[in-house]
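Quick note, the sequences are listed as chains A and B, same order.
For the first sequence, UniProt numbering assigns the number 1 to the initial residue and increments by one for each residue that follows.
For the second sequence, UniProt numbering assigns the number 1 to the initial residue and increments by one for each residue that follows.
C-beta: ideal position from N, C-alpha, C; glycine also.
Step one of this worksheet: look at the structure below.
There are 2 protein chains.
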Amino acid sequence: MTPDPAPLDADQLNAYFALMEVGSLLQHAVEQQLRTEGDLSWVQFQVLARLTDAPDGRHRMTDLADGVVYSRSGLTYQAGLLEKNGLVTRESDPDDERAVVVAITDAGRALIARLLPGHVDVVRRLLFQPLRHRDLDTLSQVLGRVRDHIRATPPRSAKPRRSRGPAT
Amino acid sequence: MTPDPAPLDADQLNAYFALMEVGSLLQHAVEQQLRTEGDLSWVQFQVLARLTDAPDGRHRMTDLADGVVYSRSGLTYQAGLLEKNGLVTRESDPDDERAVVVAITDAGRALIARLLPGHVDVVRRLLFQPLRHRDLDTLSQVLGRVRDHIRATPPRSAKPRRSRGPAT
DNA sequence: TATTGTTATACTCTATAACTATA
DNA sequence: TATAGTTATAGAGTATAACAATA
């Protein structure tokens with residue numbers, strides 16, 4: 001049975017489109033900064049940032065692919081680029097010979113360190129400048145909750161229900 | 001030398017990453033729905049949605065390219081696909097022979113009408129289900145403000161862009 | 001000359017499926 | 001059998017620059 005026909009009111013549509021638009025504009029802006037100043041894509045930056053955050057600068061491929069949005073082959077491609085540029089290394093995990101551990105190199109850390117100020121500057125200028133402190137709080141909490149919800153709700157390989165509306 | 005050494009604090013980083021992640025996950029989800037149920041990309045959906053909103057279902061190419069984030073050639077590409085599938089038409093503007101007016105067709109409207117329930121369902125399930133009404137309000141307001149701010153902020157490598165006249 | 005839109009082209013990125021190897 | 005990752009491949013999408021037509 002098709003879901004009820006009026007699920008989103010004007011406010012909801014507003015919020016939805018604003019969210020998508022802000023995300024798109026912001027990503028565009030930071031991507032340009034990353035590309036210009038460090039020849040890095042947004043995805044590559046995310047991977048390096050995640051590795052930087054890790055205690056020992058290491059992650060398994062699967063963990064990275066899980067964290068970043070992409071498929072495994074996509075991550076292999078990006079990791080290959082990063083490795084070619086000397087920003088990460090790949091070694092097989094001694095504990096599980098199937099797995100591959102990606103580690104950020106000193107050059108990788110240096111690049112991130114070099115890019116971060118400009119990056120942060122763009123984000124602050126576009127995203128935080130028009131926000132009051134209280135807005136920021138709410139935004140952080142609300143979006144965090146949404147993120148957790150999305151992450152928890154659809155295991156991304158789940159079969160989307162095909163029975164949507166009458167067949168054909 | 002970098003302009004401002006003050007980094008983003010934890011809350012800000014949180015909000016920033018959450019925003020990007022939610023945007024990414026949400027776009028992924030709706031794109032899958034649109035592709036599966038209507039063979040439509042997110043950009044194409046946006047174009048059709050904008051045309052649907054217009055009083056007479058028409059927009060000039062430049063206005064669409066301005067609203068959507070992409071380059072003109074990108075819009076030409078997408079508009080070409082939409083036209084090939086009979087979802088829009090393109091005619092030159094009688095008032096300005098340089099301009100091209102894109103109009104949504106009945107088939108285009110029908111497709112949007114068919115896709116909208118499922119689309120809205122995805123958005124509601126992923127984005128609004130974990131939100132209280134007050135959160136939604138804040139989200140809508142705050143993100144709306146951010147969007148306007150970004151739209152108004154000239155990209156530092158600003159290329160001459162068509163400025164919006166006050167009255168159409 | 002400036003603006004609108006298209007075309008040609010080259011490139012990046014992503015997804016799918018087949019494949020290898022380990023567990 | 002199931003899982004981790006790679007490879008091959010194919011396709012979508014995007015940006016840039018050159019271009020034609022109109023203002």
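Item	Value
Sufficient close CB pairs (3 or more, under 8 Å) joining the segment 102–109 of chain B to the segment 117–131 of chain B	no
is_contact[Leu64 of chain A, chain B] using C-beta, thresh 7 Å	no
Interface residues of chain A facing Gln27 of chain B [CB-CB closer than 7 Å]	Met20
Among A:Val43, A:Ser92, A:His133, A:Gln141, the one whose alpha carbon lies nearest that of Ala65 of chain A	A:Val43
Three-pair Cβ contact test at 8 Å for the segment 50–67 of chain A versus the segment 91–101 of chain A	yes
Contact list for Pro130 of chain A against chain B, beta-carbon separation under 7 Å	Arg145, Val146, His149
According to DSSP, residues forming a beta bridge with Arg90 of chain A	A:Val102
Any chain B beta carbon closer than 7 Å to Val69 of chain A	yes
Rounded separation between Thr153 of chain B and Leu143 of chain A - CA only	24 Å
Where Gly80 of chain A falls, given that 16 or more other Cβ within 10 Å makes a residue buried	exposed
Contact belief for Val69 of chain A with Val47 of chain A at Cβ below 8 Å, rounded distance in angstroms	Val69 of chain A to Val47 of chain A, Cβ: 11 Å. No contact.
Closer than 8 Å at the beta carbon, the chain A residues around Asn85 of chain B	The premise fails here: Asn85 of chain B is roughly 18 Å from chain A at the closest Cβ pair, so nothing lies under 8 Å.
Length of the line joining the Cα atoms of Leu139 of chain A and Ser92 of chain B	44 Å
Close-in-space but distant-in-sequence residues of the same chain around Glu31 of chain B (CB under 6 Å, 5 per side omitted)	Trp42
Any chain A beta carbon closer than 7 Å to Thr138 of chain B	yes
Ser73 of chain B: contacting residues in chain A (beta-carbon distance under 9 Å)	Simply none; closest approach about 16 Å.
Residues of its chain near Leu136 of chain B, where Cβ-Cβ distance is below 7 Å and the 5 sequence neighbours each way are ignored	Phe128
Proximity winner among A:Gly38, A:Leu75, A:Arg125, A:Asp95, relative to Gly108 of chain A (alpha-carbon distances)	A:Gly38
Thr36 of chain B beta carbon less than 7 Å from that of Pro112 of chain B	Pro is not the amino acid found at residue 112 of chain B; the sequence shown has Ile there. Not closer than 7 Å, so no.
Outcome for Ser73 of chain B when other beta-carbon atoms lying within 10 angstroms are tallied against a minimum of 16	exposed
Chain A contact residues for Asp11 of chain B, given Cβ-Cβ distances below 7 Å	Leu136, Asp137, Ser140
Within 9 Å of chain B by C-beta, residues of the segment 51–62 of chain A in sequence order	none
Counted within 10 angstroms of its Cβ, other Cβ atoms place Tyr77 of chain B as buried (16 or more) or exposed	exposed
C-beta atoms of Pro94 of chain A and Val146 of chain B nearer than 7 Å	no
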